[in-house]
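Worksheet: one structure, shown below.
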Amino acid sequence: DTAVSQTPKYLVTQMGNDKSIKCEQNLGHDTMYWYKQDSKKFLKIMFSYNNKELIINETVPNRFSPKSPDKAHLNLHINSLELGDSAVYFCASSQEGNYMNTEAFFGQGTRLTVV
Amino acid sequence: DQQVKQNSPSLSVQEGRISILNCDYTNSMFDYFLWYKKYPAEGPTFLISISSIKDKNEDGRFTVFLNKSAKHLSLHIVPSQPGDSAVYFCAAGSFRSNDYKLSFGAGTTVTVRA
Numbered sequence: 001d002t003a004v005s006q007t008p009k010y011l012v013t014q015m016g017n018d019k020s021i022k023c024e025q026n027l028g029h030d031t032m033y034w035y036k037q038d039s040k041k042f043l044k045i046m047f048s049y050n051n052k053e054l055i056i057n058e059t060v061p062n063r064f065s066p067k068s069p070d071k072a073h074l075n076l077h078i079n080s081l082e083l084g085d086s087a088v089y090f091c092a093s094s095q096e097g098n099y100m101n102t103e104a105f106f107g108q109g110t111r112l113t114v115v
Numbered sequence: 116d117q118q119v120k121q122n123s124p125s126l127s128v129q130e131g132r133i134s135i136l137n138c139d140y141t142n143s144m145f146d147y148f149l150w151y152k153k154y155p156a157e158g159p160t161f162l163i164s165i166s167s168i169k170d171k172n173e174d175g176r177f178t179v180f181l182n183k184s185a186k187h188l189s190l191h192i193v194p195s196q197p198g199d200s201a202v203y204f205c206a207a208g209s210f211r212s213n214d215y216k217l218s219f220g221a222g223t224t225v226t227v228r229a
């Protein structure tokens, strides 16, 4: 009964391809996120959705498009993959409310390697 | 521009001793802070948090201290255990921003020696 699950865990693909990473949470949270951990190990937010609506869109290329069919899912679609997109992508979710509930729960990560 | 900084990339400590992890932040809008623990090939898991109205929060072996004037927080683990060997991320957020975005530090790798 994984709280935040993302698939696939590993993804190796060629430059120029289009790929998707799926994320689902069964915690009943209202907010979901995508984070990217780059080669320097920094976790940087990419997108945040609250009840299927986009809240945060950091400076991310248009090739990255999140899609939230319902509040339990936030998928990440990437077009025309580039070598620099290689990273570990983490999905997370959290619940609105006071600070006691604002910790984000993370998925296990998807290691994307573009060759 | 990293708003949350963990200047020590690694820390080695003997089992039973105290581990002290440090974190500095630059954004005065941050009003809550969290520590996450991460094992290899797993996502970060929440460890402990503190809001800016407090200067200390304790949960079992883990204590977080916040010094708002210095924009500094620290995580104390005592006693350290082998299972504590992991990467620890400091994170900060702002209720006033209303977006629940967390800014993360680069992490500190803790190794607990038997």
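As given, the protein sequences belong to chains B and C, one line each in that order.
Here the first sequence is numbered in my numbering, starting from 1 and rising by one per residue.
Here the second sequence is numbered in my numbering, starting from 116 and rising by one per residue.
Cβ coordinates follow ideal geometry from the N, Cα and C atoms, glycine included.
Because the structure is a prediction, the values reported are computed rather than measured.
Rounded straight-line distance, which links the Cα of residue j to that of residue i
i: residue 136(C); j: residue 198(C); result: 16 Å
i: residue 45(B); j: residue 228(C); result: 33 Å
i: residue 8(B); j: residue 74(B); result: 14 Å
i: residue 180(C); j: residue 161(C); result: 16 Å
i: residue 149(C); j: residue 62(B); result: 31 Å
i: residue 90(B); j: residue 110(B); result: 6 Å
i: residue 217(C); j: residue 21(B); result: 21 Å
i: residue 196(C); j: residue 131(C); result: 6 Å
i: residue 83(B); j: residue 76(B); result: 17 Å
i: residue 25(B); j: residue 183(C); result: 34 Å
i: residue 126(C); j: residue 219(C); result: 18 Å
i: residue 99(B); j: residue 159(C); result: Note on residue 99(B): pLDDT 43, under 50, position unreliable in the model; the coordinate value appears next. Straight-line Cα distance between these residues: approximately 18 Å.
i: residue 12(B); j: residue 189(C); result: 38 Å
i: residue 155(C); j: residue 88(B); result: 12 Å
i: residue 18(B); j: residue 209(C); result: 35 Å
i: residue 72(B); j: residue 53(B); result: 12 Å
Residue from the options with nearest C-alpha to residue i
i: residue 104(B); options: 18(B), 93(B), 111(B), 72(B); result: 93(B)
i: residue 172(C); options: 221(C), 184(C), 126(C), 191(C); result: 191(C)
i: residue 201(C); options: 145(C), 118(C), 117(C), 128(C); result: 128(C)
i: residue 144(C); options: 167(C), 134(C), 123(C); result: 167(C)
i: residue 222(C); options: 130(C), 203(C), 164(C); result: 203(C)
i: residue 194(C); options: 205(C), 177(C), 210(C); result: 177(C)
i: residue 211(C); options: 147(C), 169(C), 219(C), 225(C); result: 147(C)
i: residue 27(B); options: 40(B), 18(B), 106(B), 41(B); result: 106(B)
i: residue 78(B); options: 54(B), 55(B), 15(B), 108(B); result: 15(B)
i: residue 55(B); options: 88(B), 34(B), 43(B); result: 34(B)
i: residue 165(C); options: 155(C), 156(C), 151(C), 157(C); result: 151(C)
CB contact flag (residue i, residue j, <7 Å)
i: residue 37(B); j: residue 23(B); result: no
i: residue 32(B); j: residue 10(B); result: no
i: residue 140(C); j: residue 207(C); result: yes
i: residue 114(B); j: residue 80(B); result: no
i: residue 66(B); j: residue 47(B); result: yes
i: residue 30(B); j: residue 51(B); result: yes
8 Å contact criterion, which residue i and residue j should meet: CB distance rounded
i: residue 121(C); j: residue 142(C); result: Contact doesn't hold; Cβ gap of about 15 Å is too wide.
i: residue 163(C); j: residue 170(C); result: Not really, about 14 Å apart at Cβ, beyond 8 Å.
i: residue 124(C); j: residue 224(C); result: 7 Å
Residues that residue i contacts on chain B, provided the C-beta gap is smaller than 9 Å
i: residue 157(C); result: 106, 108, 109
i: residue 216(C); result: 33, 45, 48, 55, 56, 58
Listed by chain order, chain C residues near residue i by CB distance under 7 Å
i: residue 24(B); result: Ordered by position in chain C, no residue passes the 7 Å Cβ test against residue 24(B), which lies about 14 Å from the chain.
Under 7 Å from the C-beta of residue i: neighbouring residues of chain B
i: residue 149(C); result: 103
Within chain C, partners of residue i - CB distance below 9 Å
i: residue 64(B); result: By Cβ distance, chain C contributes nothing, its closest Cβ being about 17 Å from residue 64(B), past 9 Å.
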